[in-house]
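*Asks:* Got a structure here, written out as structure tokens. Questions coming.
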Amino acid sequence: MIHTPCKFVKTLVILSLSYFLSGCAGDMHLVTYPDNSQVESSEDAVSAELDPALEKTEPEMCLDQELFALDQTIWNEEMSPLSIDPDLIKLHDFPIVLNKQVKMYLHLFQNKQRKLFAGWLARSTAYMPILEAELAANGLPHDLVYLAMIESGYNPLACSRSMAVGLWQFMQPTGKQYNLEINKFVDERRDVDKSTRAAVAYLSDLYKEFGDWHLAVAAYNGGPGKIRNGLNKYQVKTFWELASKDYLASETKHYVPKLIAALIIARQPERYGFTNIAYHASPRYDVLSVGPGMSFEAIALISESSPKEIKKLNHELRLDKTPLNVSSYDIKIPEAKAAIAAKNLSRLHSIVDTGFKSHKIRKGDTLAKICDLYGINQTTLLKVNKLRSAKLARGQSLRIPYNTVSYRLLPEGSAGTLADNRQNLILHQIKPGETVSKIATQYSVPIEMIASWNGLDRAHTIRAGQQLTLYIKQHKSFEIDENKSLAIVENRTDNFLKAERRKIHVTEANGSASSPTESVASSFESYSVQNGDSLWAISQKFSASPTDIKKWNNLKTNLIHPGIVLKLKKV
21 MIHTPCKFVK TLVILSLSYF LSGCAGDMHL VTYPDNSQVE SSEDAVSAEL
71 DPALEKTEPE MCLDQELFAL DQTIWNEEMS PLSIDPDLIK LHDFPIVLNK
121 QVKMYLHLFQ NKQRKLFAGW LARSTAYMPI LEAELAANGL PHDLVYLAMI
171 ESGYNPLACS RSMAVGLWQF MQPTGKQYNL EINKFVDERR DVDKSTRAAV
221 AYLSDLYKEF GDWHLAVAAY NGGPGKIRNG LNKYQVKTFW ELASKDYLAS
271 ETKHYVPKLI AALIIARQPE RYGFTNIAYH ASPRYDVLSV GPGMSFEAIA
321 LISESSPKEI KKLNHELRLD KTPLNVSSYD IKIPEAKAAI AAKNLSRLHS
371 IVDTGFKSHK IRKGDTLAKI CDLYGINQTT LLKVNKLRSA KLARGQSLRI
421 PYNTVSYRLL PEGSAGTLAD NRQNLILHQI KPGETVSKIA TQYSVPIEMI
471 ASWNGLDRAH TIRAGQQLTL YIKQHKSFEI DENKSLAIVE NRTDNFLKAE
521 RRKIHVTEAN GSASSPTESV ASSFESYSVQ NGDSLWAISQ KFSASPTDIK
571 KWNNLKTNLI HPGIVLKLKK V
């Protein structure tokens, strides 16, 4: 049965749409529809702006207004016939209808959201090759590349009010269901390649269940259970029939007509007045395998790029460094930088230092609260500020110590490199019961730096007797002992380093007992790794196999650094 609305309802719809779509006043121009009809309308003169730090999903910016306008259309009215050129129909492999809901969005994109839509078109080309290739490989419609447009505006860092994330706006449970890793280190919903594979797999599953692309994409938005239950409840077969019932959320009702309108315009943007679009180029990059906990700053240094470039290529890394829970990570770096980065990797030198920031005491501040805020202990805070008690005065400024990590590349073939840097070298022999976390606290350095300096596969794979190398700047610094008391350590010198080395090179003459390996230590000698040394070269020099050297020194990998002291059997 065809429902013909009365004149009053028609007038209300026209007035509501006119009020909504007029939005901000602007120049009048023609809106074009696929049936070649045109209407005069007002162009929106103001583009919506977002705080970049918030990464709010652009398609949500005008959602409430969209839904108001959409609710004024008549969902149970018979669908208008599709009267467009057959050649135009051939452009699309997604089923197109042209009804009042689709026309509303065509009108919207060419008016109130014109500048927003132009921005989506500009960004689309940055990711189109990845999306097209994955869809084609799985036999899905090419037009689904525009699903990412209405989901996120092609922003890998988009986050919706419901905490859906990424180009394809995955909720966390669905993302994990489709093998996207989400933890404190990485969020692969923000990785374009991996999230696209997940989205294509999800859309494939939805189409297999519903056998209809309108229902499949509606399920992508509203959930397959909602669509499945609705079809059974109302005994209907199409999205449009289900949308005519008082069942689907408005957000899901708007999803299909919005997608259809978006792909109609995006396939022929000039026809709809979108000209002079500054299309973005696709990012081009190389891939480099690096260890855990490597910062963007360090990766930028070895690849002769900037941390900003590395961040832009690796949106999935939440902490601006490679994860700590893996032995290696394939990091993206700017194109044509792989060779120089691989060469520089062995020359990378990192030094941990202490910086200070200021905290002004406000009403309600206590020493405990401040320590919790900055992650330091009370003894340290008292010592740094030369305080004798925990009593604080409002307006007082406290110095807050924090770790800083700097990087540099060691000179190639420099004989003086080790001598220049020995003042920063500390050797630590692991005692029974010690952990990386405890050692990191003792020397006030990040756990991941200890892992990086010593080529550890994972941050916590150490054992008693193993030797760790630390690079710490020589000036007044603070160490926390086992009793949590604070001791000021004055400028470390070569005498300290020699003492540390003597802990490794134990002889029977002095009767020392500093490690579990003391009974056999007299048959070993110490060797300081020089710049350019490799495990293979050292093994040839001392007539030992690389496997034996790794065993003697509890090394898990072949990675060694200039300055590290190895135990080698005397020849």
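In our numbering, each residue carries its 1-based index in the sequence shown increased by 20. Note that beta-carbon positions come from the ideal geometry of N, C-alpha and C, so glycine has one too. Given the structure is predicted, the values throughout are model-derived calculations rather than measurements.
#1: Examine the ligand PLP and report whether any of its heavy atoms sits within less than 7 Å of the Cβ of R428.
#2: Leaving out five residues on either side along the sequence, give the residues of the same chain with a beta carbon under 7 Å from the beta carbon of F376.
#3: From the DSSP secondary-structure annotation, give me the bridge partner or partners of T489.
#4: If we ignore side chains and look at the alpha-carbon of each, how far apart do G245 and A263 end up?
#5: Please name the residue or residues paired with P419 in a DSSP beta bridge.
#6: Please go through the same chain and pick out, in chain order, the residues whose beta-carbon is closer than 8 Å to the beta-carbon of T295, but skip the five residues on each side of it.
#7: Does the count of Cβ pairs from the segment 214–225 and the segment 246–263 closer than 8 Å reach three?
#8: What residues in its chain sit with their C-beta under 8 Å from that of K590, if we drop five residues either side in the sequence?
#9: Comparing alpha-carbon positions, which option in A236, L136 and D373 lies nearest S426?
#10: Compute the Euclidean distance between the alpha carbons of Q241 and S270, then round it to the nearest angstrom.
#11: Would you call L430 buried or exposed, if buried means 16 or more other Cβ atoms sit within 10 Å of its Cβ?
#12: From the DSSP secondary-structure annotation, give me the bridge partner or partners of R338.
#13: If you draw a straight line from the C-alpha of H300 to the C-alpha of R338, how long is it?
#14: Enumerate in chain order the residues of its own chain whose CB-to-CB distance from V185 is below 6 Å, with the five nearest sequence positions on each side excluded.
#15: Taking only runs that begin and end inside the segment 218–268, name each unbroken beta strand (DSSP E) of 3 or more residues, in chain order.
#16: In the segment 292–326, which residue ranges form an unbroken alpha helix (DSSP H) of at least 4 residues, counting only runs that do not cross its ends?
#17: Could you check whether Q121 and P277 sit closer than 8 Å to each other, using their CB atoms as the reference points?
#18: Using 8 Å as the threshold, is the C-beta distance between S326 and H379 below it?
#19: Cα separation between N397 and C391?
#20: With L586 as the anchor, note down where its beta strand (DSSP E) starts and where it stops.
#21: Please confirm if the segment 464–478 is in contact with the segment 310–317, defined as three or more CB-CB distances below 8 Å between the two stretches.
#22: Would a C-beta distance cut-off of 8 Å place L1 and A236 closer than the cut-off?
#23: Can you grab the Cα-Cα spacing for the pair S100 / F259, in whole Å?
#24: For E545, name the three-state secondary structure that DSSP assigns.
#25: Could you tell me whether the segment 109–117 touches the segment 161–171, where touching means 3 or more Cβ pairs closer than 8 Å?
#26: Span of the beta strand (DSSP E) holding P354?
#27: Could you name the residues that DSSP lists as bridge partners for T216?
#28: With distances taken from CA atoms, which of L447, K328 and Y463 is nearest T424?
#29: Where does the unbroken alpha helix (DSSP H) through R287 begin, and where does it stop?
#30: Is L346 helix, strand or coil by DSSP?
#31: Could you round the C-beta distance between S370 and A318 to whole angstroms and report it? I think they count as a contact, below 8 Å.
#32: Alpha carbon to alpha carbon, how far is K214 from G173? Give it in angstroms, no decimals.
#33: Give the list of continuous alpha helix (DSSP H) stretches no shorter than 4 residues that lie fully inside the segment 149–212.
#34: So, is D440 buried or exposed, given that buried needs 16 or more other C-beta atoms within 10 angstroms?
#35: Could you work out which residue in T489, Q550, Y275 and L279 is closest to E432 when comparing CA atoms only?
#36: How many Å lie between G436 and F190 at the Cα?
*Replies:* By the coordinates alone:
#1: This structure does not include the ligand PLP; it has no bound ligands of any sort.
#2: R419, I420 and P421
#3: L447
#4: 15 Å
#5: Before going further, note that residue 419 is Arg rather than Pro in the sequence given. Its beta-bridge partners are S378.
#6: P289
#7: Between the segment 214–225 and the segment 246–263 there are fewer than three C-beta pairs closer than 8 Å, too few to call the two in contact.
#8: S543, F544 and E545
#9: D373
#10: For clarity, residue 241 is Asn in the given sequence; the question names Gln instead. Distance between the alpha carbons of N241 and S270: 11 Å.
#11: Buried: at least 16 other Cβ atoms inside 10 Å.
#12: DSSP output for R338 lists no bridge partner at all.
#13: 24 Å
#14: Annotation for V185: C179 and R209 place their beta carbon closer than 6 Å to its own, counting only its chain and skipping 5 residues before and after.
#15: Counting only runs of 3 or more residues that sit fully inside the segment 218–268, no beta strand (DSSP E) segment turns up.
#16: 316–322
#17: yes
#18: no
#19: 6 Å
#20: V585 to K589
#21: Three or more beta-carbon pairs drawn from the segment 464–478 and the segment 310–317 are found closer than 8 Å, and the two stretches are therefore classed as touching.
#22: No information on residue 1 is available, as it lies outside the stretch 21 to 591 that the chain covers here.
#23: Bear in mind that a pLDDT of 44 at S100, under 50, signals an unreliable position, so the model cannot answer this.
#24: E545 falls in the strand class under three-state DSSP.
#25: yes
#26: Y349 to P354
#27: BP columns for T216 are empty, so no partner.
#28: Y463
#29: S270 to R287
#30: Before going on, a small fix: residue 346 reads as Val here, not Leu. Three-state DSSP puts V346 in coil, outside helix and strand.
#31: 7 Å
#32: Distance from the CA atom of G173 to the CA atom of K214, rounded to whole angstroms, is 18 Å.
#33: Fully enclosed alpha helix (DSSP H) runs of 4 or longer: 167–172 and 192–197.
#34: The predicted position of D440 is uncertain, since its pLDDT is 43 and thus under 50; a value taken from the coordinates is nonetheless stated next. It is exposed - the Cβ of D440 has fewer than 16 other Cβ atoms within 10 Å.
#35: Q550
#36: The pLDDT assigned to G436 is 34, lower than 50, so where the model puts this residue is not dependable, and the model offers no usable value.
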